[in-house]
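Under the working numbering, residues 72 to 343 are what the sequence shown spells out, in order. Positions of the beta carbon are idealized from the N, C-alpha and C atoms, including for glycine. First comes the structure, then the notes that go with it.
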Amino acid sequence: MNRPPEPTLPLSDRGLAYGDGLFETVLVRDGTPLLWSEHLARLLKGCRVLDLPPPRTEALASALAGAGPGLGVLKLVYTRGSGGRGYAPPASASPRLEAVWSSFAPDQQRWAAGVRVRRCRLRLARQPVLAGIKHLARLENVLARAEWRDPAIAEGLLEDDRGQLVEATAMNVFFLARGAEQVSTPSLDQCGVAGTLRAALLEQGAVVEAPLLADELSSCEAVWLGNSVQGVWPVARLDDSEGQPQHGWELNDVHRAFQRRAHRLLGYAGAD
């Protein structure tokens, strides 16, 4: 199957110029979007925050219809469009919705063996107005991801200026605190992206929100990273911000049980 040409945004588009827009990255299996209700809910919340008219139902349906066979990822980009003067938005927006589909295969080796992660030096700014939504202005994530080049490091963990664990550069964090009976995930009411897999697990009662200082990660019984495309990666090794080993975990039934529960939501197998 030939990949269709990628859309081109004009230089006047506010999403390109200012990050004035939103995006969703949707796992699609044989034309069926996974966790679609969660993706749509986050997109609509982002529209309310940015005061954007929501995308038309028929436009979203057309974008989904462009997904190819098999397993793939559909990236939706929704901008305010062009217009306005400087930062001032136009009185009446004419949003643009663009979609790009590509085939995808998850990294099952990371499911099975777990991953090595590091703490990032960059600290996330707290901005509760934008917290949770997936807006286009993601320079913090870009700078954090640029902190390492070692391919053995799968992800970087981000904290805020108070040392509270928030997320990874492109995934949410889940942890089982020592002595706890329930898996937790940091609250994202000040900063961070509220992932759709995280939302589904919260809705199921599989996880609860709880704070955790990044310095306390080593005391946790288990740590995972997850999103709606890659699935769940157990964390096997934690490095500090200089790449020096800080803690390690042996993967066990606790890791696998949570992974299986999350993967059922995505149609992925477990990692037994």
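What are the residues that DSSP puts in a beta bridge with residue i?
i: Q235; result: L284
i: P305; result: W295
i: S153; result: D84
i: R100; result: T103, L142
i: R167; result: T150
i: G90; result: According to DSSP, G90 bridges with nothing at all.
i: W182; result: Bridge partners of W182: none, in fact.
i: H206; result: L93
i: A159; result: R156
Please state whether the Cβ-Cβ distance between residue i and residue j is less than 7 angstroms.
i: V306; j: G297; result: no
i: D263; j: V237; result: A small fix is needed here, since residue 263 is Gly in this sequence, not Asp. Yes, the Cβ-Cβ distance between G263 and V237 is below 7 angstroms.
i: T380; j: G227; result: One cannot answer for residue 380 here, as it falls past the ends of the chain, which runs 72 to 343.
i: V279; j: Q301; result: no
i: L135; j: P104; result: yes
i: G137; j: A170; result: yes
i: A217; j: L229; result: no
i: F175; j: V148; result: no
i: S255; j: F246; result: yes
i: T128; j: G92; result: no
i: V244; j: A293; result: no
i: G349; j: L207; result: Nothing about residue 349 can be reported from this structure: the residues present for the chain run from 72 to 343 only.
i: G139; j: W107; result: no
i: P126; j: L80; result: no
Between which two residues does the alpha helix (DSSP H) containing residue i stretch?
i: L216; result: It should be pointed out that residue 216 corresponds to Arg in this sequence rather than to Leu. Taken as a continuous stretch (DSSP letters only), the alpha helix (DSSP H) holding R216 covers 210–216.
i: C291; result: Careful: C291 lies outside any alpha helix (DSSP H) and carries neither H nor E.
i: G319; result: Taken as a continuous stretch (DSSP letters only), G319 belongs to no alpha helix (DSSP H), being part of the beta strand (DSSP E) at 316–319.
i: C118; result: 107–121
i: R133; result: One point to set straight first is that residue 133 is Ser, not Arg, in the sequence displayed. Residues 128–136.
i: L322; result: From DSSP, L322 is part of no alpha helix (DSSP H); its letter is neither H nor E.
i: L268; result: 267–275
At which residues does the beta strand (DSSP E) containing residue i begin and terminate?
i: T256; result: 254–256
i: F246; result: 243–247
i: L195; result: 186–195
Closest to residue i by CA distance: which of the options is it?
i: V213; options: G102, L193, D231; result: L193
i: P316; options: S289, A340, G338; result: S289
i: R332; options: G314, E292, S299, L272; result: L272
i: L210; options: L195, T256, E292, L80; result: L195
i: R187; options: K205, P160, A225, R151; result: A225
i: K205; options: P126, P257, L80, R113; result: R113
i: R190; options: R335, G314, L106, D84; result: G314
i: W219; options: E129, D311, G185, P124; result: D311
i: D232; options: A223, R197, G139; result: R197
i: A162; options: L123, G102, L111; result: L123
Is residue i near the ligand SAH, judged by its Cβ being under 6 angstroms from some heavy atom?
i: L115; result: With respect to the ligand SAH, the structure shown offers nothing to examine, as it has no ligands at all.
(message) With a threshold of 8 angstroms, are at least 3 pairs of Cβ atoms found where one atom belongs to the region 265–278 and the other to the region 150–167?
(response) no
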